[in-house]
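Novice: Quick one: this structure, given as structure tokens, is what I'll be asking you about.
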Amino acid sequence: MSQPDIHLYTAATMNGYKPVIFLEEAVAAYDVTAVDFSKEDQKTPDYLALNPNGRIPVIVDRGNDDFAVFESGAILWYLAEKYDRFLPIAPKEKSETLQWLMFQMAGVGPMMGQAMYFQRIAAPNGHNEPFSIDRYKSETRRLLGVLNTRLETQDWLAAGQYTIADMATFPWARAHSFANLSIDGLDHLQAWLERMDARPAVQRALTIPEARPIYWGSDQDAAFLAQNAANFSPDPKT
Ligand SMILES: N[C@@H](CCC(=O)N[C@@H](CS)C(=O)NCC(=O)O)C(=O)O
């Protein structure tokens, strides 16, 4: 049996789920290598040849001379063009989609990622930095507010349709509680999260390469969140 075109290297993280959502939505054939951070799989010479940044996700397209793509936004863009799905062709609609994709890549992801880092990794390791935590939480909450305003007048982020911009933004917005951020009052964002959650392909994607309920504020995580939140000064904006 021939191998599928797309070989995906990923892990169960917010960036890692993005290409899985696309591939599940497009019903594209793909296989997966689950990258194990504890073994530093992503820092091996073979992996660095695919992604010099040593991070997930990466795809290799066997159907295109083993062409490798890194950076989750570039991966979504590449897949959208390969399969002609979820990225409109009309110039204005395409640009709008890429604007919201870039907004996620340059804003929501990095800011929320740092909010998580300073609370989940730095603080428990003896580097409690309330100023940094407040800065990254506040900025993330502001960006989530921008998404909420955008979604007040439309069901999807761009071009009046479900696109790669939604796929990129969803795993991050869904993980707001992992950054100790509430989205209470952001009703349009909540409704969009529910629309995304209702999609069978999205539900499948959140289990590949494994499900990580800790990101989504499960009961199991509630005690940790409460304890963690108690360690920091309350943020009036959250
Ligand atoms: N901008 C990159 C970020 C990738 C990234 O930060 N990946 C994280 C997981 S979400 C990772 O590989 N971490 C492991 C490491 O830093 O070694 C993208 O969107 O692809």
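Under full-length UniProt numbering, think of the first position of the sequence shown as 1, with each following residue one higher. In this text, a Cβ means the ideal position worked out from N, Cα and C, and glycines have one as well.
(1) Taking 7 Å as the cut-off, is the C-beta of proline 57 nearer than that to any heavy atom in ligand 1?
(2) Figure out for me which residue from Ala80, Pro52, Val60, Asn53 has the closest Cα to the Cα of glutamate 24.
(3) Do serine 72 and asparagine 128 have their CB atoms nearer than 8 Å?
(4) Could you check which residue in Pro124, Gly145, Met112 has the C-alpha nearest to that of aspartate 134?
(5) Between which two residues does the alpha helix (DSSP H) carrying threonine 153 extend?
(6) For tryptophan 192, which residues from the same chain have a beta carbon less than 6 Å from its beta carbon, with the 5 sequence-adjacent residues on both sides left out?
(7) Do alanine 122 and lysine 137 have their CB atoms nearer than 8 Å?
(8) So, under 8 Å CB-CB, valine 60 and aspartate 66 are touching, yes? Tell me the CB distance rounded to an integer number of Å.
(9) Using only the alpha-carbon positions, how far apart do alanine 158 and tryptophan 100 sit?
(10) From alanine 229 to threonine 140, what does the alpha carbon distance come to, in whole angstroms?
(11) Would the region 31-42 count as touching the region 2-10 if we require 3 or more Cβ pairs under 8 Å?
(12) What span of residues does the beta strand (DSSP E) with tryptophan 70 cover, start to end?
(13) Closer than 7 Å to a non-hydrogen atom of ligand 1 - does that hold for the CB of serine 38?
(14) Tell me whether the beta-carbon of isoleucine 164 lies closer than 8 Å to the beta-carbon of phenylalanine 103.
(15) Going by beta carbon distance, what residues of the same chain come within less than 8 Å of proline 45, once the five residues before and after it are set aside?
(16) What residue from Val27, Pro19, Pro171 has the CA that sits closest to tyrosine 78's CA?
(17) Looking at alanine 173: is its Cβ nearer than 8 Å to the Cβ of leucine 147?
(18) For methionine 112, verify whether its CB is less than 7 Å away from any heavy atom of ligand 1.
(19) From which residue to which residue does the alpha helix (DSSP H) around aspartate 166 run?
(20) Tell me whether glutamine 42, by its Cβ, gets closer than 7 Å to a heavy atom of ligand 1.
(21) What residue range is occupied by the uninterrupted alpha helix (DSSP H) comprising histidine 188?
(22) Using the beta-carbon count (16 or more within 10 Å), is valine 27 buried or exposed?
Specialist: The relevant details are as follows:
(1) To locate residue 57, count along the sequence shown from 1; it is residue 57. For ligand 1, at least one heavy atom lies less than 7 Å from the Cβ of proline 57.
(2) By one-based count along the sequence shown, residue 24 stands at place 24. Nearest C-alpha to glutamate 24: Ala80.
(3) Along the sequence shown, one-based indexing puts residue 72 at 72. Along the sequence shown, one-based indexing puts residue 128 at 128. No; because the gap between Cβ atoms is not below 8 Å, this pair is not in contact.
(4) Translated into positions along the sequence shown, residue 134 becomes position 134. Closest option to aspartate 134, Cα to Cα, is Met112.
(5) For the purposes of this step, residue 153 is taken as residue 153 along the sequence shown, with counting starting at 1. Element bounds for threonine 153: n/a, residue is neither H nor E.
(6) Within the sequence shown, the letter at position 192 stands for residue 192. Leu151.
(7) Along the sequence shown, read from residue 1 onward, the residue named residue 122 stands at position 122. Along the sequence shown, read from residue 1 onward, the residue named residue 137 stands at position 137. No, they are not a contact pair.
(8) Locating residue 60 in the sequence shown gives position 60, where the first residue counts as 1. Locating residue 66 in the sequence shown gives position 66, where the first residue counts as 1. That pair is a contact at about 6 Å.
(9) For the purposes of this step, residue 158 is identified with residue 158 of the sequence shown, where counting begins at 1. For the purposes of this step, residue 100 is identified with residue 100 of the sequence shown, where counting begins at 1. Going from the Cα of alanine 158 to the Cα of tryptophan 100 covers about 7 Å.
(10) As a first step, residue 229 must be located in the sequence shown, where it is residue number 229. As a first step, residue 140 must be located in the sequence shown, where it is residue number 140. Residue placement at alanine 229 is poorly supported in this model, since its pLDDT is 45, which falls under 50; the coordinates are not used for a value here.
(11) yes
(12) Here the question's residue 70 lines up with position 70 in the sequence shown. With the sequence shown as reference, residue 70 is identified as phenylalanine, and tryptophan is not the correct amino acid for it. Residues 67-70.
(13) Against the sequence shown, residue 38 aligns to sequence position 38. No, ligand 1 has no heavy atom inside 7 Å of this Cβ.
(14) Here residue 164 refers to the residue found at position 164 of the sequence shown. Here residue 103 refers to the residue found at position 103 of the sequence shown. Contact flag unset, no.
(15) Within the sequence shown, the letter at position 45 stands for residue 45. Cβ neighbours of proline 45 beyond the five flanking positions: none.
(16) Within the sequence shown, numbered from 1, the residue matching residue 78 stands at position 78. Ranking Val27, Pro19, Pro171 by Cα distance to tyrosine 78 puts Pro19 first.
(17) For the purposes of this step, residue 173 is taken as residue 173 along the sequence shown, with counting starting at 1. For the purposes of this step, residue 147 is taken as residue 147 along the sequence shown, with counting starting at 1. Yes, Cβ-Cβ distance for alanine 173 and leucine 147 is below 8 Å.
(18) Taking the sequence shown and counting its residues from 1, one reaches residue 112 at position 112. For ligand 1, not one heavy atom lies less than 7 Å from the Cβ of methionine 112.
(19) Here residue 166 is taken as the residue at index 166 of the sequence shown, counted from 1. Here the alpha helix (DSSP H) through aspartate 166 covers 164-174.
(20) The count along the sequence shown starts at 1 and reaches residue 42 at position 42. Checking the Cβ of glutamine 42 against ligand 1 gives yes.
(21) Residue 188 sits at position 188 when you count from the first residue of the sequence shown. Element bounds for histidine 188: 187-197.
(22) As a first step, residue 27 is located in the sequence shown; it is residue number 27 there, counting from the start. That one is exposed.
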